[in-house]
Each structure stands twice: as structure tokens, then as C-alpha cells.
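Report on the following structure.
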Amino acid sequence: MDAADIDARLPDTYPMERAKACPLDPPPAYGRFRAERPITRITLDFDGGEVWLVTRYEDARTILGDPRFSSDFSTPGFPARLTARPPGPGTFIRMDPPDHSRLRRMLQPEFTRRRVEALRPAIDGIVTKLVDDMASRTPPVDLVDALALPLPSMVITELLGVPYEDREYFHETTKVIGNQSVDPRRRIQVRDDLKTYLDKLVAAKEAEPADDLLSRLGERREAAGVSREEVVGIATLLMVAGYETIANQIGAGTVALLENPERIAELRADPAKLPAAVEEIIRHQTVIDYGLRRAATADVEVGGRLIRKGDGVVVVVASANRDESVFECPDRLDFDREQHDHFSFGYGLHQCMGQILARAQLEAVWSTLFDRIPGLRLAIPVDEVKFRFDMFVYGVHELPVTW
Ligand code: HEM
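So the numbering used here is basically just the index in the sequence shown, starting at one, shifted up by 691.
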């Protein structure tokens, strides 16, 4: 450790606090870490273990793009809560090749641009209905409850091919699993019940295939060397990965827009800017707040530091996305920004599989919302909004809006 590492003014535990006055910006300490200690040892406050904290864009890309950094929970040094249950079969987000490649490859055709385009009319229809239902109510209305939570849940049921009569059960279940304020034992119970349900559903789809993702996985799985248990695990992963992230991206992104009304006006005046606007909101409001965790499987030198085999690493994508050496005036929400890849969807082997689908949902939300409810605004001052401090996924618990 060199002298710069013993800087008492910088926090020595992770995660760090945001400035309460700037809930839409990451913790202010990140800027100083990028400048002074871009790759540094830090203590995780949930288990007391030490890991490398990585805050700069270039170093984030190097590590996420290097397969010597493992995503497997069981790799020595992986930063995990001591009490965390190891992920079950099929949870390939927490696996390394060759298992990761085997499962991801089987799922890949389901998330192509062509497939998402085929889903777009259904997504647009769901968003229009949710927004119109919201507009027909007497404000204030909680946008999280009316739109941000039901949308991704409805899209996933559509994608997987969950029968209509079971969709209510599905929505209730996803709400519990995705809500970190619920007692963990209850969440585990609900997740186990869901696995039992999905197991039956996958068996039913295998017996009588339809035109949906689960049926196609059922048809493909034997040739791909994938078990039914793994297909159930994949379905659960899709629910978890594609629910809380989207819901909070809608929540945090909508607050960012409402706090920058000139950006809403810009978007309404030129709807062709929508894709660039969505991309910029995803960069600016990086909801993967905790960062991406890895463990080194070999000694690797990054940014002049030697990361040793068995060391844990946390790549703070929320910091990399505000790196001033890559993004000019990174704290500004700027739809005309010269496009540059951000890391909100990760990078490398594990880059988000649902990113095209995510963009389609967010485009539908931010075009429909301000078209149908042009006078939309926060119903309370922004500093009274309940932001999700201390959660793995950042966003808002509730978002009371009026018009
Ligand atoms: C705004 C919404 C979303 C955000 C911010 C997001 C973010 C991410 C990030 C950062 C990763 C990489 C994790 C890592 O490297 O450790 C990831 C992986 C993944 N995401 Fe997303 N995601 C979103 C939506 C979705 C949706 C809608 C789906 C599917 C329904 C999805 C499915 C997945 C899957 C399956 C992986 C694992 C990929 C792999 O390990 O190879 N995500 N996501």
C-alpha cells in the first residue's frame, strides 16, 4: 500500500453515501477516487472483507473484458455476503465458461433485435394501457405502482409465455422477489414456490409447445445439453434480472427527466432523439448501484496495480459512467452527447442479454408518458422522494406524480 492509500479523508468502506441534496448523482467521493486512488483496497461494510474498488472507465473495461476475472460465487475471494445462498442451476450470470457459454448460447436467439421488434407492439400496447389507466385516476398517483413495477412483469410473462390466468400470481411473486425490504426468508420461500411453479410450466410447454420463449427452450434444450432444472433457473434469472432493473430505471430516469424539464421539451419537439435520450438516461442514472463483482483467478496487472489470484474486485460502473476523461461534463443529462459506450449494461462476457428489450420498454415509457400526460410533474419536492439508498439496485421506492 502506498502513501496515497492512507488518505483518511476518503471513505474506507463500501458502499458509500450519496449527497442527500443530489440524489440523482452517485456518491461525491467517487470523483476523488477516480482522480486519486482509481484502483484501491477497500472494506466491504456487509462482511468486513477487503476488495479492490475500481472507479475509472478504462480500468472497468479492462477488468470486465478479461476472463481471468471470475463471476462465479464459489471462486475464492468472490465478494459475497457470507449468508448468501449460492445461485442455483441455470443462473449463468454467476457462472464462468464453459457452463456460462453453454447456457447463454442457448438463450441468445431469444434476445436478438428481430425478436424484440416482434414484441414491440405488445410492449407499446401494455405501456399505453398502463399510462392511460394512470391518467384516468385522480392525482397524485404513485408512478412506481402504476407503471414502473407492472410493466416489466407484464413483459416477462408475455416473453416467457405464462398463461393469462397465472399472470396475477406472477406479478405478486415478482414484487416480493424484487423487493429487498421484504424479509429475506420470505423472499427465499416465494422464490422456491416460483421454481416449483416454473418447473410445472416448463414441463407443460414441453408436452404442448406454443410460440414463446419457454417452449422454444424446451425444444432446444436437449441438443444444447441443458437440463429442465437449468431451464427453470434461466426463467427465474430472467424474471429477477429484467424486473427490478427496469422498474428502477423507469423510476430514477423519470425523476431525472422531471428535474430537467427542458430535456422533456427537447424530446417532445424532436421524437427522433428518443433512442439517444434513452441511452443517455441509462448512462446518467446507472441503477446497478452496487457495482459488478468479480474475483481474480490469476495475478493480473491493471492500471499499474497487481491484483492477485483470489482477490475480490468491485467494478463501480456508476463511477465509470461519470468518468470525466471519457464523458464531457459527465453530470449533465445531454441528449446530444457524442455517443460513447457506457457500462450500465456491463461489458464483456456477461454483458446484459436483455439490453435491447430494456431499451424497447424504456423508449415506450418515455415517449408515451409525456405524450399522454403532458403536464406530468412530481407531486412532492424532489428531496422528499424516497430514493433507494442502501440497495443493490438504485431507484425510487415510490414516485408520487401529479398533472
Ligand atoms: C435497465 C434495465 C437493465 C439493466 C440496467 C441491466 C443491467 C445488467 C448488467 C450490468 C449485467 C451484467 C452483470 C455482470 O456483468 O455481472 C446484466 C446481465 C444480464 N441481464 Fe440485464 N439489465 C437490465 C435489463 C434486463 C432485462 C430486461 C433482461 C431480460 C429479461 C436482462 C437479462 C440479463 C441477463 C440474462 C444477464 C446475464 C448475462 C450473462 O451473465 O451472460 N436484463 N444486466
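Cβ coordinates follow ideal geometry from the N, Cα and C atoms, glycine included.
{"Query": "For Leu-889, which residues of its own chain have a beta-carbon under 7 Å away from its beta-carbon, when the five flanking residues on both sides are left out?", "Result": "Val-923, Ala-926, Thr-927"}
{"Query": "Work out the CA separation of Pro-800 and Arg-806 for me, nearest whole Å.", "Result": "8 Å"}
{"Query": "Can you give me the C-alpha to C-alpha distance between Ile-868 and His-1031, rounded to a whole angstrom?", "Result": "34 Å"}
{"Query": "For Glu-856, does the count of other Cβ atoms within 10 angstroms reach 16, so buried, or fall short, so exposed?", "Result": "exposed"}
{"Query": "If you compare alpha carbons, which of Ala-710, Asp-874, Ala-987, Val-969 is closest to Ala-1055?", "Result": "Val-969"}
{"Query": "Sort Pro-1091, Thr-1093, Phe-1080, Val-1084 by Cα distance to Met-707 and report the nearest one.", "Result": "Phe-1080"}
{"Query": "With the cut-off set at 8 Å, would you say Asp-833 and Leu-1090 are in Cβ contact?", "Result": "yes"}
{"Query": "Taking 8 Å as the cut-off, decide whether the C-beta atoms of Val-978 and Ala-943 are in contact.", "Result": "yes"}
{"Query": "Give the DSSP bridge partners of Ile-955, in chain order.", "Result": "Ile-955 pairs with nothing; no bridge assigned."}
{"Query": "So, helix, strand or coil for Pro-966, using DSSP?", "Result": "helix"}
{"Query": "For a test of the three-state rule: what should DSSP assign to Val-846, helix, strand or coil?", "Result": "helix"}
{"Query": "Could you check how far apart the C-beta atoms of Ala-987 and Arg-996 are, in whole angstroms? I think they sit under 8 Å.", "Result": "Between Arg-996 and Ala-987 the Cβ distance is about 11 Å, and since that is not below 8 Å, they are no contact."}
{"Query": "So, using beta-carbon positions, are Gly-1003 and Gly-740 closer together than 8 Å?", "Result": "yes"}
{"Query": "Rounded to a whole number of angstroms, what is the C-alpha to C-alpha distance between Leu-1097 and Gln-976?", "Result": "Absent from the structure is residue 1097, since the part of the chain shown begins at 692 and ends at 1094."}
{"Query": "Tell me which residues share the same chain as Ile-1047 and place their Cβ nearer than 7 Å to its Cβ, disregarding the 5 neighbours each side in the sequence.", "Result": "Phe-802, Arg-804, Val-807"}
{"Query": "In the structure shown, what three-state DSSP assignment does Glu-899 receive?", "Result": "coil"}
{"Query": "According to DSSP, is Ile-644 helix, strand or coil?", "Result": "The chain is shown only over 692 to 1094; residue 644 falls outside these bounds and no answer can be derived."}
{"Query": "Is Leu-715 near ligand 1, judged by its Cβ being under 7 Å from some heavy atom?", "Result": "no"}
{"Query": "State whether the stretch 725 to 740 contacts the stretch 1017 to 1033, with contact taken as three or more CB pairs (one from each stretch) at a distance under 8 Å.", "Result": "no"}
{"Query": "Look at the Cβ atom of Gly-779, then the Cβ atom of Gly-1001, and state whether they are nearer than 8 Å.", "Result": "no"}
{"Query": "May I have a chain-ordered list of the beta strand (DSSP E) segments no shorter than 3 residues that lie completely inside the stretch 724 to 798?", "Result": "730 to 735, 741 to 745"}
{"Query": "If I follow the unbroken alpha helix (DSSP H) through Pro-812, where does it start and stop?", "Result": "804 to 826"}
{"Query": "With 16 other CB atoms within 10 Å as the buried threshold, where does Pro-846 fall?", "Result": "Contrary to the premise, residue 846 reads as Val rather than Pro in this sequence. It counts as buried."}
{"Query": "Taking all protein chains shown into account, decide if Arg-772 is buried (16 or more other Cβ within 10 angstroms of its Cβ) or exposed.", "Result": "exposed"}
{"Query": "Am I right that Arg-1063 and Thr-1093 are in contact with their C-beta atoms under 8 Å? What's the rounded C-beta distance?", "Result": "Actually they do not touch by this definition, with Cβ atoms about 15 Å apart."}
{"Query": "Grab me the residues of Thr-865's own chain with a C-beta within less than 7 Å of its C-beta, minus the 5 sequence neighbours each way, in chain order.", "Result": "Ser-844, Met-930, Tyr-934"}
{"Query": "In its own chain, which residues sit with a C-beta less than 7 Å from the C-beta of Arg-974, not counting the 5 before and 5 after it?", "Result": "Asn-1012, His-1033, Ser-1035"}
{"Query": "Check the C-beta distance from Ala-915 over to Arg-793 and give it rounded, since I have them as a contact under 8 Å.", "Result": "7 Å"}
{"Query": "Per DSSP, Val-1092 is paired with what?", "Result": "Val-832, Leu-1069"}
{"Query": "How would you call Ser-872, buried or exposed, if buried means at least 16 neighbouring beta carbons within 10 angstroms?", "Result": "exposed"}
{"Query": "Just to check my reading of the structure: Leu-744 and Val-1005 have Cβ atoms closer than 8 Å, yes? What is that Cβ distance to the nearest angstrom?", "Result": "6 Å"}
{"Query": "For ligand 1, any of its heavy atoms closer than 7 Å to the Cβ of Phe-760?", "Result": "no"}
{"Query": "Among Gly-1086, Thr-753, Ala-894, which has the Cα closest to the Cα of Gly-1039?", "Result": "Thr-753"}
{"Query": "In three-state DSSP terms, what is Ile-972?", "Result": "helix"}
{"Query": "Looking at the structure shown, is Tyr-888 part of a helix, part of a strand, or coil, going by DSSP?", "Result": "helix"}
{"Query": "Since Val-1004 is in the beta strand (DSSP E), which residue starts that stretch and which ends it?", "Result": "1003 to 1006"}
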